[in-house]
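Student: In the working numbering, the protein residues as written are 164 to 299.
The beta-carbon is built from N, C-alpha and C at its ideal position, and this holds for glycine as well.
Dropping the structure in here first, questions after.
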């Protein structure tokens, strides 16, 4: 996988005077079925989350509230994405190291995942991740 496979996806936004609505459908708006949903919140502003990669898991990351930065690394290049709109998501392919940082006060990071949790799918050591990307 390449950093170029990771991109913003515009999600449907239905505007209404009572408030906006956005939805995500697996295999329609994103290239995978959604098997797990989780969210990060109450993250102190100087903290970082992520710091891992996945062997096969794909994700869509959404700033449900507030803002934060996602730094992606495919083993040879990095790219920073600023997340601050709830009507677009960042598609993250497999074999991508991710760091999430620069959380604003009250930020909520919503993640839709292609797989259920499996510790064996994780790279938690960057050197091992980097070595695995050179074998692809």
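Since residue 300 and residue 174 are thought to touch, with beta carbons under 8 Å apart, how far apart are those beta carbons, to the nearest angstrom?
Tutor: Here the chain covers residues 164 to 299 and nothing more, so residue 300 does not appear.
Student: Cα-Cα, which of 278, 269, 271 and 258 is closest to residue 292?
Tutor: If you number the chain shown from 1, residue 292 lands on position 129. Taking only the C-alpha atoms, the option nearest residue 292 is 258.
Student: I'd like the list of long-range same chain contacts for residue 264, defined as Cβ closer than 6 Å, with 5 residues on each side in sequence excluded.
Tutor: If you number the chain shown from 1, residue 264 lands on position 101. Closer than 6 Å at the Cβ level, and outside the excluded window around residue 264, lie 211 and 232.
Student: Per DSSP, what are the beta-bridge partners of residue 253 in this structure?
Tutor: Start at 1 with the first residue of the chain shown, and residue 253 comes out as number 90. Residue 253 pairs with 171 and 224.
Student: Please report how far the alpha carbon of residue 256 lies from the alpha carbon of residue 180, in whole angstroms.
Tutor: In the chain shown, residue 256 corresponds to position 93, counting from 1. In the chain shown, residue 180 corresponds to position 17, counting from 1. Using only the alpha carbons, I get a separation of about 36 Å.
Student: Could you give the distance in angstroms between the alpha-carbon of residue 164 and the alpha-carbon of residue 206?
Tutor: Taking the first residue of the chain shown as position 1, residue 164 is located at position 1. Taking the first residue of the chain shown as position 1, residue 206 is located at position 43. Whole-angstrom Cα-Cα distance: 29 Å.
Student: So if DSSP puts residue 233 in a beta bridge, which residue, or which two residues, is it bridged to?
Tutor: Position 70 of the chain shown, counted from the first residue, corresponds to residue 233. DSSP output for residue 233 lists 244 and 263 as bridge partner(s).
Student: Look up residue 270 in the DSSP assignment and say whether it is helix, strand or coil.
Tutor: The residue labelled residue 270 in the question sits at position 107 within the chain shown. Coil, per DSSP.
Student: So, under 8 Å CB-CB, residue 252 and residue 223 are touching, yes? Tell me the CB distance rounded to an integer number of Å.
Tutor: Looking up residue 252 in the chain shown gives position 89. Looking up residue 223 in the chain shown gives position 60. Sure, about 4 Å apart at Cβ, within 8 Å.
Student: On the DSSP bridge list, what partners appear for residue 212?
Tutor: Residue 212 sits at position 49 when you count from the first residue of the chain shown. Looking at the DSSP assignment, residue 212 forms a beta bridge with 263.
Student: Please work out which residues of its chain come closer than 7 Å, Cβ to Cβ, to residue 176, disregarding the five sequence neighbours upstream and downstream, and give them in chain order.
Tutor: Taking the first residue of the chain shown as 1, we reach residue 176 at position 13. 183, 185 and 250, listed in sequence order.
Student: Shortest alpha-carbon distance to residue 270 belongs to which of 277, 230, 191 and 280?
Tutor: Counting from one through the chain shown, the residue named residue 270 turns up at place 107. Out of 277, 230, 191 and 280, 230 has the C-alpha closest to the C-alpha of residue 270.
Student: Quick one: is residue 243 buried, meaning 16 or more other Cβ sit within 10 Å of its Cβ, or exposed?
Tutor: Here residue 243 corresponds to residue number 80 of the chain shown, with the count starting at 1. The residue is exposed, with fewer than 16 neighbouring Cβ atoms inside 10 Å.
Student: Using 8 Å for Cβ pairs, my map puts residue 247 next to residue 226. What's the rounded Cβ distance?
Tutor: One-based indexing of the chain shown puts residue 247 at position 84. One-based indexing of the chain shown puts residue 226 at position 63. The pair is a contact, with the Cβ atoms about 6 Å apart (cut-off 8 Å).
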